[in-house]
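Below is one structure, written out as structure tokens, with a few remarks after it.
Residue numbers (mature numbering (1 follows the signal peptide of the UniProt record, and there is no 0)): -26 to -1, 1 to 292.
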């Protein structure tokens, strides 16, 4: 499936203005680094479960995110039928074509090295495996000591900012396997966070869950919008409204958010399969589909026909 990148390139510029949690932190050298933090299982509360302060996203960035949100299709959540973590490839695989892919280290350790400070690594793993470090958790405002081990590794987990189950129900089941692997391992969609907080989030979208740290919420929804745009995913109306509210709290102006046009609902969004006509809807050609406001048509959606899908990527009348 081809991904519409018409505005995503601009998001890359916007992203550099993110504060806290979205940019890599300079690391001490690997190996036996001196760590001034507390002992292995300790967690220190820094700013409370709900940090109240200035929003972490500049109003200009918030405006850009709001414009990006307006470009996302609004649809109902599709059935979860067929979802399994394996649909997104082996967990933390290095076999991806996005940043960090094929570097010899698995994605989990790549993100730990990006998000933790005072890290030590295992020289026997070519310094891929992170043995310990300290996380300044953007979701809670806490400082968390990470020590690799069966009983301790779960203290710091890697969150999919857009949960994979949520992505599956909002367009990812129409992506090919390689693109889903990229989505699951894309650094833009990954953040090292407090383990219990990540478990509490589960697969919720922005309408049902936001980070306890109030100062990070605008950055969080901005990242979700960036990921959903990059991979051609949609939002529900409730999700759209929750994101818009958070961005408004960061100074985004309503003029940056023209009312999006809801996309016609598919009768059933199914994984990519045979390109046979779907349902009783028939369009003679792409012009007819566009006139009816139904384009683009995804495989499995009423009106889709393989004959209209010139490049065979599962999306007709792009």
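Don't be surprised by glycine CBs; every beta carbon is placed ideally from N, CA and C.
Run of the alpha helix (DSSP H) containing residue i, from where it starts to where it stops
i: residue 211; result: 211 to 223
i: residue 329; result: No answer is possible for residue 329: it lies beyond the span of the chain, which begins at -26 and ends at 292.
i: residue 140; result: 138 to 142
i: residue 154; result: 151 to 159
i: residue 265; result: 260 to 265
Contact under 7 Å by Cβ, residue i with residue j
i: residue 167; j: residue 140; result: no
i: residue 66; j: residue 80; result: yes
i: residue 169; j: residue 128; result: yes
i: residue 221; j: residue 40; result: yes
i: residue 278; j: residue 290; result: yes
i: residue 286; j: residue 273; result: no
i: residue 165; j: residue 209; result: no
i: residue 115; j: residue 187; result: yes
i: residue 75; j: residue 155; result: no
i: residue 85; j: residue 214; result: no
Three-state secondary structure (DSSP) of residue i
i: residue 119; result: strand
i: residue -6; result: Reliability fails at residue -6, whose pLDDT of 41 lies under 50, so the model's placement of it is uncertain and the value that follows must be treated cautiously. Here residue -6 sits in coil by DSSP.
i: residue 208; result: coil
i: residue 48; result: strand
i: residue 290; result: strand
i: residue 184; result: coil
i: residue 35; result: helix
Buried or exposed (CB count within 10 angstroms, at least 16 for buried), residue i
i: residue -2; result: Confidence at residue -2 is low in this model, with a pLDDT of 34, below 50, so the placement of that residue should be treated as unreliable; the coordinate-derived value is given next. Exposed is the call here.
i: residue 227; result: exposed
i: residue 180; result: buried
i: residue 69; result: exposed
i: residue 259; result: exposed
i: residue 87; result: buried
i: residue 37; result: buried
i: residue 98; result: exposed
i: residue 35; result: buried
Enclosing beta strand (DSSP E) for residue i [first to last residue]
i: residue 107; result: 104 to 110
i: residue 95; result: 91 to 95
i: residue 131; result: 130 to 134
Whole-angstrom distance between residue j and residue i, CA atom to CA atom
i: residue 219; j: residue 202; result: 18 Å
i: residue 216; j: residue 109; result: 28 Å
i: residue 111; j: residue 145; result: 30 Å
i: residue 17; j: residue 122; result: Since pLDDT at residue 17 reaches only 34, below the 50 mark, its modelled position is unreliable, and no value is offered.
i: residue 103; j: residue 96; result: 5 Å
i: residue 78; j: residue 71; result: 13 Å
i: residue 107; j: residue 32; result: 29 Å
i: residue 142; j: residue 178; result: 12 Å
i: residue 171; j: residue 93; result: 22 Å
i: residue 157; j: residue 131; result: 17 Å
i: residue 151; j: residue 82; result: 20 Å
i: residue 194; j: residue 113; result: 9 Å
i: residue 207; j: residue 265; result: 23 Å
i: residue 183; j: residue 191; result: 10 Å
Any chain D beta carbon closer than 7 Å to residue i
i: residue 187; result: Protein chains in the displayed structure number just one, and chain D is not present.
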